[in-house]
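Whatever position you read off the sequence shown (first residue = 1), add 2 for the numbering used here.
Ideal Cβ positions, reconstructed from N, Cα and C, are used throughout, including at glycine.
The structure presented is a predicted model; accordingly, all values stated were derived computationally and were not measured.
To start, the structure under review is shown below, and the notes come after it.
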Amino acid sequence: MEKRNTTSGLVNLHTLLDEWGFSKPQTQTYPKMQNTGTKPLPDVEVFLSSASDAENTTNFTDVPVPVLLQIISYLNAKDIGNLGQTNAMFSSLCDDHLLWKQLLESDKLKWSEVGHATNPTGLAASHDDMTFKNIYLRCSPDTRQKEGFNILQIPRLIKSYFPQQSPKVVFFGPGLDSDTSAIVRSILDMDGSLFINRGPFPAMFPGSIGTGFTIDVKDGTSTHHMKMITMYSGTKKSRQTSPLENRTERSRLLEKSTNEEGVPEYQPASSIKQLCRSVNAFVCVVESSEQLESVSGCMEELHALLDRRWTPHTSPLLVLSCTPDPDTTRIPCVTIAEQLQLNSLVRPWKVVDAVVSDLHSLVPGIRWLIQAAQGTAT
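Shown next, in the form of structure tokens:
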């Protein structure tokens with residue numbers, strides 16, 4: 003947006019509001035408009051009526067602050083940022099903390115990804131000095147910018163130039179027991195445009211524990227490699243008959259025990275613990291078109307497998323929030339992260355939206371996972 007002095011000269015407020023699409027103001031009011039005096043605060047419609055009775059033109063400095071804030075609240079984050087660069091008055095208005103709080107609460111439900119460094123709930127809890135505007139700009143995929151050069155990144159940069167071993171990646175989760183279970187078969191049977199199956203590799207432990215397939219992941223002009231291991235919670239028959247009912251209790255991956263306080267807890271079976279110590283990354287597949295309870299139902303399994311007593315804290319986690327097709331209504335990524343209590347994990351993690359019928363949606367998340375497992379993710 004080109005900078006201009008909006009306070010010099012007279013601006014026809016009616017014309018400007020028509021350009022912005024506010025000729026017929028909605029009944030919704032901006033939450034900051036609290037009446038602290040004896041007179042009610044004006045809204046856009048009341049102000050326009052009074053302005054039209056007086057003059058045909060109105061200076062922006064004559065517009066009450068609550069009315070301006072209500073108008074600004076209709077803009078998106080990018081437009082608010084551009085408007086704040088026009089002059090000192092709008093710079094102050096566009097930094098309003100309630101304005102950005104409202105924007106954050108509404109827009110975060112639309113984000114297609116959230117991670118350990120970009121989760122607004124985690125940032126607000128760990129950084130008391132961060133404003134809602136700063137949290138929004140750091141977390142939103144649309145406004146987030148890559149950090150500038152940091153000397154601490156030099157070892158990571160040097161490491162990226164050397165050949166890396168293909169990380170061993172474990173796929174698990176309730177999404178493998180539901181309508182999104184086809185995601186594994188789709189990766190293995192892909193025609194080669196995105197994923198190439200290079201064939202199986204032998205089991206890492208007795209009982210066929212840790213067997214899987216070597217997969218090439220095409221990412222534009224780059225190709226990433228991983229060893230894909232799939233862990234199902236039960237037999238194919240049990241997964242088909244009751245995929246989500248009592249899933250944690252009947253999971254063959256877990257063993258139920260009782261802690262010193264007599265509270266039941268779950269731990270991976272001994273063979274699964276060995277596998278967790280030996281692999282490099284994890285992918286939890288959840289079906290985000292299901293009820294919220296089906297997502298939170300896998301929390302015990304996830305935290306049991308990723309317990310630092312047997313899984314190194316350097317092993318990253320990718321949560322694929324899957325729907326069968328792009329038209330299916332989904333649970334937001336930030337809600338998935340909250341339900342799975344991912345903020346309590348002391349390891350890199352990310353939740354990304356994915357569509358089973360469009361494997362292109364998987365590539366950015368898997369690219370991040372492989373790079374994070376290799377220590378080269380930025």
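- Taking C-alpha positions only, S290 is separated from T223 by approximately 31 angstroms.
- By the Cβ test, the region 291-302 is in contact with the region 329-339, since at least three Cβ pairs between them sit closer than 8 angstroms.
- Unbroken alpha helix (DSSP H) runs of no fewer than 4 residues, entirely contained in the region 181-224, are found at 184-190, following chain order.
- Of the candidates T325, F207, C278, C324, the residue whose Cα lies closest to the Cα of H305 is C278.
- Rounded to the nearest whole angstrom, the CA to CA distance from L101 to S75 is 6 angstroms.
- If you draw a straight line from the Cα of N78 to the Cα of L361, it comes to about 30 angstroms.
- Segment contact: the region 316-335 against the region 81-99, fewer than three CB-CB distances shorter than 8 angstroms; contact not assigned.
- Restricted to the region 313-341, the beta strand (DSSP E) segments that are unbroken, complete and at least 3 residues in length are 319-325, listed in chain order.
- Under the rule that a run must span 3 or more residues, the beta strand (DSSP E) segments found entirely inside the region 115-151 read 115-117.
- Remark: C-beta atoms of I231 and V171 approach each other more closely than 9 angstroms.
- Scanning its chain for C-beta atoms nearer than 6 angstroms, with the 5 sequence neighbours on each side dropped, one finds around S363 the residues A356, V357, in chain order.
- For M233, the closest of D221, K275, N248 by C-alpha to C-alpha distance is K275.
- For E303, the closest alpha carbon among the candidates I372, G175, G214 is that of G175.
- For A126 and L139, the gap between their C-alpha atoms comes out near 13 angstroms.
- Non-local beta-carbon contacts of G209 in its own chain, meaning distances under 8 angstroms to residues more than five positions away in sequence, involve S273 in chain order.
- Taking a 10 Å sphere around the C-beta of L111, we find fewer than 16 other C-beta atoms and assign the residue as exposed.
- For V172, the enclosing beta strand (DSSP E) has its first and last residue at 170-174.
- Cβ-Cβ distances below 6 angstroms link N261 to E267 in the same chain, with the five nearest sequence neighbours on each side left out; the list follows chain order.
- Within the DSSP secondary-structure output, P266 pairs in a beta bridge with T260.
- With respect to L308, P169 sits apart: the two C-beta atoms are not nearer than 9 angstroms.
- Under DSSP, H227 forms a beta bridge with D218.
- Cα atoms of G177 and C286: separation of roughly 8 angstroms, rounded to the nearest angstrom.
- D191 and I185 have their C-alpha atoms roughly 10 angstroms apart.
- By the Cβ-count criterion, E263 is exposed, with fewer than 16 other Cβ atoms from all chains shown falling within 10 Å of its own Cβ.
- D98 is bridged by DSSP to nothing; it lacks a bridge partner.
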